[in-house]
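Peer 1: This is the structure I want to talk about, given as C-alpha cells.
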C-alpha cells in the first residue's frame, strides 16, 4: 500500500472551530488496523436535524439502508463511523449488526436507536462484529468533546493519505454560524478498502426538509462532480447535521430552503462541500495530478456533465495526463462516446488554456512544446467547447498512474 | 511501447485458405512506421456485396463517414486500409483525403469511387496525405493475389502484439463456402494508436441486406461483447464482403437472412467473429489475463449485458484480477453500480467455478486458498447469478495492469 502523502495534498489540516452542540470522540477498536483509531462518535444536542445523500448503488451497505430509513423523522443524537469494515454484502447478519450498534450507542448516549446514524467503510463481505463497539462506547461517550476535528477526520481514513476537513462561517440573519465538515475518499470508490464518506455539521437552526434540500442541491456540483475511477461504492454517504444551537444566540429558524435568509449560508455550505470533494480528488489513489474538466457550449448543463464525466472517467485520457501528454485525440474520443450530441466540426479543445484543436481539426497555431509545458503542472485544466449551446459544467478528477494499479492490484491478504 | 507478444496470444497464425473472388496486397507507404507494411488493398470480383457496422461515437473518423454513406447500394470492388493515421478529427481536409484515396484506388482498380471502402487507424488529428496512396496503388493492384491473409493482418496492426485471423468452412446448400477474417484491436480502443478494425470475406453469394442482417446480429455477442477499457474509438469498423464466387459452383443465392439454408453458414460466420473478437481481448494493452464475465439470473439478456459490462469495465475489478485477488466485493460494487435491478440477498458470485458469495453474504464454504489458485490461471471466469430471472449474457475483457498505463501514459512523441 502507498503510504506517502499525495503530492496534491493541502499543506496542513485547516484550523476548525467548535460547532456548538457537537461533541466528538475517537477510539481504537481494532476492527482492522492495528495501532490507529478506527471509530468516530459524534454526539448532538437535542433538536439536531439530519439530512443525507447516499450511493446510487443497487447493492448498498447495511448502514446506508439504516440511515436512509431514519431520514424521517430525521432527528439525530449520535453518529458512529468506523473504518476497516464496510458491513456491506453481509446479509441478515450485517443488518443485525447495524441494529445492534445503534442500540449499543443509544444505550450509552441516552437516546433512541433511530436517532443514531451509522456509516462504515472498509472491506466488503466480512462479518461485522457490533460487539467491538460495545467495548469502547461508554468511554467514547465520556470522552466526547467539542472541536476534535482532525482526530475525527483521521479515524475515518482508509487508503486516504491525508485527513480531510473544511470549515466556513456565515451569517444567518445577523448571527454568525459555523459549518465544519470532514471527509474520506481516496479510491473513489474502492469498496475493498475505501468509500466516500463525508459529514458536515452546523449550529444553524435548519429544519430537516430545508437541510435535505440544501444538501441535495449542494452535492450536485461538488461530490457528484468528482470522479476518480468511475466506480461507485456500496457505501457512499454524505450526512449533514444541524444542531440549531445558534438559535439561542438569535439566529432565525429556517424551515424552507427557499428562505432568502439562507443565501449566505448556502454559499458557505456549498464551499465546504466543494473543498471536501476537491480534497477527495486530490487524494485519488495514486494521483499525481488534479484534473479539472470543463465542458462548455453543450445543449444543456446535463449534457455538459455527461460529456465531462466521459472525459474524466476515460482511462485513456487519464493515462495521457499521467504521461504529461496533451493528447487531445483521446479527448475527442471521450466526447464522441459520451452519447450526447457532438459535431466534430464545431469542437474546440484547450489544455491549460492552450487551444490544441479548433473547429474539427488541429489548431493551426498549436504549439506542442507549449502544451507539453502546461502538462507538467500538478493541476491540469482540460476545456472543451462543443459549439452547440450554452450548457456548461465542471468535473474534477485525477490522473491514472501505475500507483493506482499497485494500490488496487496488490494482493488483498 | 511494449513489443513482447501477449502471453494470451494463440500459438500461431491459422492456416487460412483463399476466398475465391478476393485478392490481397500490402505495401509500406511510410505513413508512420518505418520498416513495415502499413497499407492493405483488397480487390473484389464484380458482384461483391458489402455490409458494415461502425463505432457509435458521435465524432467518427472520415473513413467511417465514407463507408456508412456507401453501404447502399453496397457494392464493393476494393478495400483500402492503412495503419499509422486514423484520419479522424481532421475536418474538411480529412474528408477530402478520404475522397481522393477512393478516387486514386478507383482509377487503379478500374471501378467507381463509391465501390471503394476505406478504413484508417492510428493517430488522431494528424493531417492525412492521400498522396501516399498514389505512390503505391498501381503496384498494389498489380501485386494483388489470393490468400495473403497473414500479410494483410500484419499490415493493419498498430499496438497489436500479434496478427489476428480466423477462418471457417460451411455448406451453403450442398456447396462448401469459405469465410476468412482478419482483425486488429489491442487497446480497445486507443484512438492515438489503436482502434478496432475487422474485415471478413466470403465467397458465398449473399445479398447486401441479408449480409447486413447477418453481420449486425453476429456482432452483438462477439465484438460488442468485448471490452478492454470501456473507451470507444472514433474509427471502429467491421466490414463483411461476399464475393458470390461460390454461385458458379452451385451455391444458392441468399437474399433473406431468415433463409433456412443460411443456418450452417451463420454458425460458421459467428464463429469467425467470435474468434477474432476473442483475439482482440487477448491482445488488450498490457493484458496478462483473459477474463470471461458471465451474468445469469438477470431480468433480461439486455440487463445481464449491462451488469456484465459494468463488471468488465470496472478498473477495480480489473486491477484485482491483475493482482490475482478473488475480490468479490468489487464485483458486488460493479453489480450495484450497473443501474439494473439487483437484490443483495439473492446474489451469488463465482470465480473460476468456486462460489465465493451466496445469497447476500460470503459463502460459508468459501476457501480463499482455492480461490487464489484459480486466480493464478491465465484465463479467469467471473460468474454472477442475480437470482431474479432467466436473462444471461457473456462479455470478454482482460485485466488492467501497469503495462496498460505504461503503453498509454508514455509520451506520444
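Residue numbers (this note's numbering), protein chains in the order written: chain U, 263 to 675; chain R, 263 to 675.
For glycine and all other residues, C-beta sits at the position ideal for the given N, C-alpha and C.
For the region 339 to 352 of chain R, enumerate the residues whose C-beta is nearer than 9 Å to any C-beta of chain U, in chain order.
Peer 2: If the cut-off is 9 Å between Cβ atoms, the region 339 to 352 of chain R has 348, 350, 351, 352 near chain U.
Peer 1: Residues in the same chain with beta-carbon distance under 6 Å from residue 322 of chain U, minus the five sequence neighbours each way, listed in chain order, please.
Peer 2: For residue 322 of chain U, where only same-chain residues beyond five positions count, the Cβ hits under 6 Å are 496.
Peer 1: May I have the straight-line CA-CA distance separating residue 451 of chain U from residue 458 of chain U, to the nearest angstrom?
Peer 2: In this predicted model, residue 451 of chain U has a pLDDT of only 44, less than 50, meaning its place in the structure is not dependable enough to derive any value.
Peer 1: Measure the CB-CB distance between residue 417 of chain R and residue 571 of chain R and report whether it falls below 8 Å.
Peer 2: No, the Cβ-Cβ distance between residue 417 of chain R and residue 571 of chain R is not below 8 Å.
Peer 1: List the whole-angstrom C-beta distance separating residue 337 of chain R from residue 365 of chain R, where the pair is believed to meet the contact cut-off of C-beta under 8 Å.
Peer 2: Not a contact, Cβ separation roughly 17 Å.
Peer 1: Identify, in the order they occur along the chain, each residue of the same chain with its Cβ nearer than 7 Å to the Cβ of residue 507 of chain U, setting aside the five sequence neighbours on each side.
Peer 2: So the list reads 282, 283, 307, 465, once near-sequence residues are dropped.
Peer 1: Give, in chain order, every unbroken run of the alpha helix (DSSP H) that is at least 4 residues long and sits entirely within the region 520 to 587 of chain U.
Peer 2: List check, alpha helix (DSSP H) in window: 525 to 544, 563 to 574, 577 to 584.
Peer 1: If you count every other CB in all the chains shown that lies within 10 Å of the CB of residue 390 of chain U, and 16 or more means buried, which is it?
Peer 2: Looking at its Cβ environment, which holds 16 or more other Cβ atoms inside 10 Å, residue 390 of chain U is buried.
Peer 1: Against residue 584 of chain R, what residues of chain U qualify as contacts under a CB-to-CB distance less than 8 Å, listed in chain order?
Peer 2: The answer, in chain order, is 667, 671.
Peer 1: Between residue 663 of chain U and the rest of its own chain, which residues show a CB-CB distance below 6 Å, the 5 nearest in sequence each way excluded?
Peer 2: Only 548, 550, 584 meet the Cβ criterion.
Peer 1: Would DSSP call residue 279 of chain U helix, strand or coil?
Peer 2: Looking at residue 279 of chain U - three-state DSSP - the assignment turns out to be coil, as it is neither helix nor strand.
Peer 1: Select from the region 596 to 620 of chain U all residues with a C-beta closer than 9 Å to any C-beta belonging to chain R, and list them in chain order.
Peer 2: Answer set for the region 596 to 620 of chain U: 596, 597, 598, 599, 600, 601, 602, 603, 604, 605, 606, 607, 609, 618, 619.
Peer 1: Please classify residue 659 of chain R: does DSSP put it in a helix, a strand, or coil?
Peer 2: It is a strand residue.
Peer 1: Using beta-carbon positions only, say whether residue 619 of chain U and residue 387 of chain R come within less than 8 Å of one another.
Peer 2: Yes, they are a contact pair.
Peer 1: Chain U beta carbons: is any one of them nearer than 8 Å to that of residue 662 of chain R?
Peer 2: For residue 662 of chain R, the answer is yes, since a Cβ of chain U falls inside 8 Å of its Cβ.
Peer 1: Per DSSP, what kind of secondary structure is residue 599 of chain U in: helix, strand or coil?
Peer 2: If DSSP states are grouped into helix, strand and coil, residue 599 of chain U belongs with the helices.
Peer 1: Give every residue of the same chain whose Cβ lies closer than 6 Å to the Cβ of residue 628 of chain R, excluding the five residues on either side of it in the sequence, and list them in chain order.
Peer 2: Contacts found: 618.
Peer 1: Please report how far the alpha carbon of residue 630 of chain R lies from the alpha carbon of residue 643 of chain R, in whole angstroms.
Peer 2: Their Cα atoms are separated by approximately 16 Å.
Peer 1: Run down chain R in chain order and give the residues with a C-beta less than 9 Å from the C-beta of residue 560 of chain U.
Peer 2: Neighbours of residue 560 of chain U on chain R: none; closest Cβ ~12 Å, over 9 Å.
Peer 1: Quick one, which of U:514, U:563, U:636, U:505 has its alpha-carbon nearest residue 285 of chain U's?
Peer 2: Nearest of U:514, U:563, U:636, U:505 to residue 285 of chain U, Cα basis: U:505.
Peer 1: Under three-state DSSP, which class holds residue 643 of chain R?
Peer 2: Residue state, collapsed to three classes: strand.
Peer 1: Kindly indicate if chain U contains any beta-carbon less than 8 Å away from that of residue 543 of chain R.
Peer 2: It does not: the Cβ of residue 543 of chain R has no partner Cβ on chain U nearer than 8 Å.
Peer 1: So, for residue 289 of chain U: in the same chain, excluding its five sequence neighbours on each side, which residues have a beta-carbon less than 7 Å away from its beta-carbon?
Peer 2: Here the set comprises 299, 301, 398, 401, 402.
Peer 1: Pick from U:429, U:348, U:564, U:593: whose alpha carbon is nearest that of residue 574 of chain U?
Peer 2: Selected option, being the one with the closest Cα: U:593.
Peer 1: Beta-carbon of residue 549 of chain R versus every beta-carbon of chain U: anything under 8 Å?
Peer 2: So no, residue 549 of chain R is outside the interface.
Peer 1: Can you confirm whether residue 590 of chain U, when its beta carbon is compared against all beta carbons of chain R, has any partner nearer than 8 Å?
Peer 2: For residue 590 of chain U, the answer is yes, since a Cβ of chain R falls inside 8 Å of its Cβ.
Peer 1: Taking the straight line between their C-alpha atoms, what separation do you get for residue 513 of chain R and residue 433 of chain R?
Peer 2: Cα to Cα, residue 513 of chain R sits roughly 9 Å from residue 433 of chain R.
Peer 1: Kindly indicate which residue of U:622, U:647, U:328, U:482 has the alpha-carbon position closest to the one of residue 360 of chain U.
Peer 2: Cα-wise, what sits closest to residue 360 of chain U is U:328.
Peer 1: Starting from residue 473 of chain U, follow the alpha helix (DSSP H) in both directions and report where the run begins and ends.
Peer 2: Taken as a continuous stretch (DSSP letters only), the alpha helix (DSSP H) holding residue 473 of chain U covers 470 to 482.
Peer 1: Quick check: is the beta carbon of residue 624 of chain R nearer than 8 Å to any beta carbon in chain U?
Peer 2: By this cut-off, residue 624 of chain R is an interface position.
Peer 1: For residue 567 of chain R and residue 655 of chain R, which I take to be in contact (beta-carbon distance under 8 Å), what is that distance rounded to the nearest angstrom?
Peer 2: With a Cβ gap of about 4 Å, residue 567 of chain R and residue 655 of chain R count as contacting.
Peer 1: Taking the C-alpha atoms as reference points, what is the distance between residue 523 of chain R and residue 517 of chain R?
Peer 2: For residue 523 of chain R and residue 517 of chain R, the distance between alpha carbons rounds to 11 Å.
Peer 1: As a quick exercise: from R:424, R:441, R:341, pick the residue whose alpha carbon is nearest that of residue 430 of chain R.
Peer 2: Answer by Cα proximity: R:441.
Peer 1: Bridge partners for residue 612 of chain U per DSSP, in chain order?
Peer 2: U:617, U:645.
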